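S.K.: Here's a structure for you.
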Amino acid sequence: MKEHPKSAAFEAIRLLKTYGNKFVTKDGWTLLHRSATSTPAHIYVMANNAVPINVQNSNGDTALHIAVRKGNYETTEALLQCCADLSIRNKMGQVASDLAVGDIADLLAKFEEGAVSALKNGKSQHLARLVPMFWCNVDSTVKDGMSLLQLAMDRVNDTDEDPRMVDCCRVLHDYRPASELIHCVLSEDVQRLHPILSQLRGFAVNLRFKDRYGKTLLSHAVESNNLEVVQMLVNAGARINGIRVRENARSQHTVPLFHKTLKKDIRVEIAHFIHSQMDPREMAEKDRHGNTALLRAVEEGASEKLIDWLLVADHGRNLTHRNQNGMNARELAVSKGRSDIVQTIDKFVLQQRGKFFLVNLPVHFYGLDNLQFTDEHIGKTLFEVVEEGKDKDDKKSLRLYNEIEERGISLFKAAAEGNLKTVQKLNAANFQDKASNMGVFTSPEV
């Protein structure tokens with residue numbers, strides 16, 4: 001059995017076990033400094049295992065300084081979620097925002113002063129907005145060996161229970177259960193996640209990052225390629241149907257959650273599981289380019305194994321879906337040079353003989369050119385195989401393919417012109433155009 005590649009979280013845990021959370025080099029670099037240009041998973045794992053967030057190296061740089069300087073958006077965002085202090089200056093007198101440009105500068109601006117400074121200044125309202133919005137980890141070690149929550153409690157004692165500090169402490173205390181859940185998912189800590197999910201369900205499992213189009217815990221688990229966490233979240237009430245999330249951290253465009261399972265390196269078992277739990281209509285949801293699930297999989301460079309499964313799962317209905325450029329999955333695969341996918345699609349079509357499948361292709365304008373292929377095993381074309389078979393519907397459909405498509409074109413033209421008499425005459429099948437509109441419903445008279 002093929003072994004799945006180890007995740008970034010697994011590698012981060014290995015580093016922790018090897019060096020420990022107190023590891024520091026001679027020039028002051030911690031494991032977080034080393035991870036600042038790696039992956040977000042490294043940051044989450046380190047922070048969730050008490051590696052201090054805001055330690056400065058011999059140049060005065062924190063891990064945040066390094067991530068920002070290197071232009072790593074993902075690890076910068078992860079460090080901010082783990083309560084990196086934006087107010088710390090290095091030996092050049094620079095705070096992290098002084099080093100930021102473009103998207104990273106915008107990201108830092110959204111955090112304003114950050115959670116640590118907000119706490120120090122007693123800004124409970126700012127904390128109440130910032131912490132849940134950005135999934136901040138209230139248990140990460142931020143200063144003097146204390147977590148953000150511990151620091152808040154310490155400040156309450158030092159200020160003789162200043163009402164502002166008390167409010168800050170309350171905000172962090174109330175948010176802690178959700179924070180613990182979130183960062184167990186982000187760091188893929190399955191062992192701790194089990195008992196937490198048994199207590200927190202529903203709303204907490206479906207929290208959004210930043211805004212209503214931000215990632216969910218489930219979409220993050222999918223992108224982390226962690227099937228076990230995906231299953232645990234769905235079983236705890238994580239929503240799938242009707243959920244759209246951003247394509248990536250920097251994008252303003254959204255995709256259906258299921259599309260996240262279709263990336264090249266994501267385990268096919270995750271797609272299988274999500275599909276088994278979702279409304280079948282989610283397969284027809286589109287991204288900004290008009291791609292439904294099958295088309296998106298081709299765009300993402302998915303394996304022929306996943307393509308074949310998508311065809312079978314949707315009973316081949318997705319074969320005639322077209323994107324905004326008017327291409328179906330086979331045509332898109334041809335344009336991308338994916339001959340393996342083309343062969344997979346052709347093999348599927350060949351297997352549908354005698355199943356009343358071929359009759360639907362001209363009705364949905366699949367295109368006769370897409371059926372001009374030869375079965376490499378028997379050396380015969382689809383047309384030859386069908387003619388030698390016994391299914392009369394298949395034979396008739398292929399013989400009259402062009403005529404059926406032309407009839408459909410005439411139907412849509414008549415519908416657009418409001419010619420009800422011609423529509424009634426030609427509407428002998430459920431013709432659908434490239435936008436999945438049915439001919440009869442495009443007529444203003446109907």
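Under the UniProt record's numbering, the first residue of the sequence shown carries the number 1, and numbering increases by one thereafter. For glycine and all other residues, C-beta sits at the position ideal for the given N, C-alpha and C. Computed from a predicted model, the values in this text were never measured in an experiment.
Considering only C-alpha positions, which residue in the set Val363, Lys336, Lys395, Glu384 is nearest to Glu405?
M.R.: Val363
S.K.: Could you tell me whether the region 278-297 touches the region 245-264, where touching means 3 or more Cβ pairs closer than 8 Å?
M.R.: yes
S.K.: Examine the ligand HEM and report whether any of its heavy atoms sits within less than 7 Å of the Cβ of Arg250.
M.R.: In the structure on display, the ligand HEM does not appear, and there are no ligands present to speak of.
S.K.: Cα separation between residue 452 and Asp154?
M.R.: Limits of the chain in this structure are 1 at one end and 446 at the other, which puts residue 452 out of reach.
S.K.: For Thr344, report the span of its alpha helix (DSSP H) as first-last.
M.R.: For Thr344, the enclosing alpha helix (DSSP H) starts and ends at 339-351.
S.K.: Cutting at 7 Å between CB atoms, please list the residues of its own chain near Ala297, excluding the five before and the five after it.
M.R.: Taken in chain order, the residues that qualify are Leu262, Leu306, Ile307, Leu310.
S.K.: Is it the case that the Cβ atoms of Lys91 and Asn59 are separated by a distance below 8 Å?
M.R.: In this structure, Asn59 lies closer than 8 Å to Lys91 by Cβ.
S.K.: With burial defined as no fewer than 16 other Cβ atoms inside 10 Å of the residue's Cβ, what is the status of Arg69: buried or exposed?
M.R.: buried
S.K.: Taking Lys380 as the reference, give the member of Ile341, Phe365, Lys347 with the closest Cα.
M.R.: Lys347
S.K.: Contact check, Ala152 vs Leu130 under 8 Å by CB: the rounded distance?
M.R.: Ala152 to Leu130, Cβ: 14 Å. No contact.
S.K.: So is Thr159 buried or exposed if we call it buried at 16+ other beta carbons inside 10 Å?
M.R.: Taking a 10 Å sphere around the C-beta of Thr159, we find fewer than 16 other C-beta atoms and assign the residue as exposed.
S.K.: Identify every residue that forms a DSSP beta bridge with Pro256.
M.R.: Arg244
S.K.: Are three or more beta carbon pairs between the region 389-396 and the region 364-376 nearer than 8 Å?
M.R.: Remark: fewer than three beta-carbon pairs, one from each stretch, lie closer than 8 Å, so the region 389-396 and the region 364-376 are not flagged as touching.
S.K.: Mind checking which residues open and close the beta strand (DSSP E) that includes Lys143?
M.R.: Start and end: 141-143.
S.K.: For Ala178 and Arg322, what's the separation of their Cα atoms in angstroms?
M.R.: 41 Å
S.K.: Starting from Ser147, follow its DSSP beta bridges and name the residues at the other end.
M.R.: The partner list for Ser147 (beta bridge, DSSP) reads Thr141.
S.K.: Buried or exposed: Asn248, going by 16 or more other Cβ atoms within 10 Å of its Cβ?
M.R.: exposed
S.K.: Taking buried to mean at least 16 other C-beta atoms within 10 Å of its own C-beta, is Met1 buried or exposed?
M.R.: Residue confidence for Met1 is low, a pLDDT of 45 falling below 50, so the modelled location carries little weight and cannot support an answer.
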